[in-house]
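Asks:
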């Protein structure tokens, strides 16, 4: 071995020795790094932080109507007042058809899933920004924030269902065996709500316009959903396209499941279910791809 090669080997050994000494002298560091891809679908992180998820849901429930005069009564008043107003405008004045259901009951059955979706999106869309101090200082799966809003909204749904039972008794509408299908429809509704919540929460971190645009979009979306009118008013050739709105099939499915009247909206439910799953999958992918930047941008 020549002198140059010997000197090069000696130099590399010296650098290695110095690096080893520095590594031994330097304190150990732990690097927390967000995972990528589909690891969320294993639910391991969510399960590991399930206690935090519980406390987030419980905190939101306690703060929702804190220091309000009517408290939890607002859960009932909101859909009831909306149903009364829509009945006066579209039922009595515009005289829109409601099939063989009383118009107030027809509207309330549509408002039940819609109110859940609208409330979840309003809360989840700003959940990361609202909890910015927690996001920037503590590590936890960021998806817990919008997920807590989705679970929180199910409490309101339970209250709506109790009120709906009383309304059905008042109008002498008997639930059918198909009412058990409401649990499947709730799963589809939760999937669509979670997927859209992930999109909005991630977008709102970078673009704060979301919280200003969302109320307008929800208002337009409501009238594109068969809440105050039946989907039968839509020409048959356009209903498959119309059902790309996931709430279209869900709302019509709720009415059919709760009453068992008419034909099952099979085509609309199938298309809306596919749309809901697509919203969930793309929402997870987008949320996971941007999660690394939340603490820096927020």
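Numbering (our numbering), first residue to last: 69 to 366.
No residue lacks a Cβ here, since even glycine has one placed at the ideal position from N, Cα and C.
At 4 residues or longer, what runs of the alpha helix (DSSP H) sit wholly inside the segment 300 to 347?
Replies: 307 to 310, 314 to 327, all fully within the segment 300 to 347.
Asks: I think residue 220 touches residue 113, with their Cβ atoms under 8 Å apart; what is that distance to the nearest whole Å?
Replies: Not really, about 20 Å apart at Cβ, beyond 8 Å.
Asks: Using a Cβ-Cβ cut-off of 7 Å (strictly less than) and excluding sequence neighbours within five positions of residue 353, which residues of its own chain qualify?
Replies: Correct list: empty, nothing qualifies.
Asks: So, is residue 74 buried or exposed, given that buried needs 16 or more other C-beta atoms within 10 angstroms?
Replies: At residue 74, the pLDDT of 47 sits below 50, so the modelled position is not reliable; the number obtained from the coordinates is stated separately. Answer is exposed; the Cβ neighbour count stays below 16.
Asks: Using a Cβ-Cβ cut-off of 6 Å (strictly less than) and excluding sequence neighbours within five positions of residue 184, which residues of its own chain qualify?
Replies: The residues are 221, 225.
Asks: So, do the segment 352 to 366 and the segment 325 to 337 have three or more beta carbon pairs nearer to each other than 8 Å?
Replies: Result no; under three Cβ-Cβ pairs closer than 8 Å.
Asks: At what residues does the alpha helix (DSSP H) containing residue 166 begin and finish?
Replies: No alpha helix (DSSP H) holds residue 166; DSSP gives it neither H nor E.
Asks: Below 8 Å on the Cβ atoms is my guess for residue 339 versus residue 311; work out the distance and round it to an integer in Å.
Replies: About 4 Å separates the two Cβ atoms, so the contact holds.
Asks: Do the segment 189 to 205 and the segment 155 to 173 meet, that is, are 3 or more Cβ pairs less than 8 Å apart?
Replies: Flag = no, the segment 189 to 205 and the segment 155 to 173 do not touch.
Asks: Relative to the C-alpha of residue 327, which residue among 153, 154, 178 is closest?
Replies: For the residues 153, 154, 178, the minimum Cα distance to residue 327 belongs to 178.
Asks: Under 7 Å: does the beta carbon of residue 251 sit that close to some heavy atom of the ligand NAD?
Replies: Inclusion of the ligand NAD in the displayed structure is not the case, the ligand content being empty and no account of it being possible.
Asks: Assuming residue 270 and residue 192 form a contact by the criterion Cβ under 8 Å, report the distance between their Cβ atoms to the nearest whole angstrom.
Replies: About 10 Å; that fails the 8 Å criterion.
Asks: Quick one: give me the first and last residue of the alpha helix (DSSP H) that residue 298 is part of.
Replies: Run containing residue 298: none; DSSP gives neither H nor E here.
Asks: Note down the Cα distance separating residue 371 from residue 118, rounded to an integer number of angstroms.
Replies: The shown model of the chain, from 69 to 366, leaves out residue 371, and the question about it has no answer.
Asks: Assign residue 366 to one of three DSSP states: helix, strand, or coil.
Replies: Residue state, collapsed to three classes: coil.
Asks: Alpha carbon to alpha carbon, what distance is there between residue 167 and residue 108?
Replies: Confidence in residue 108 is poor, its pLDDT being 45 and thus under 50, which makes the residue's placement unreliable; the coordinate value appears in the next sentence. About 43 Å.
Asks: If the criterion is Cβ atoms closer than 8 Å, does the pair residue 263 and residue 348 meet it?
Replies: Their beta carbons are under 8 Å apart, which means residue 263 touches residue 348 by this criterion.
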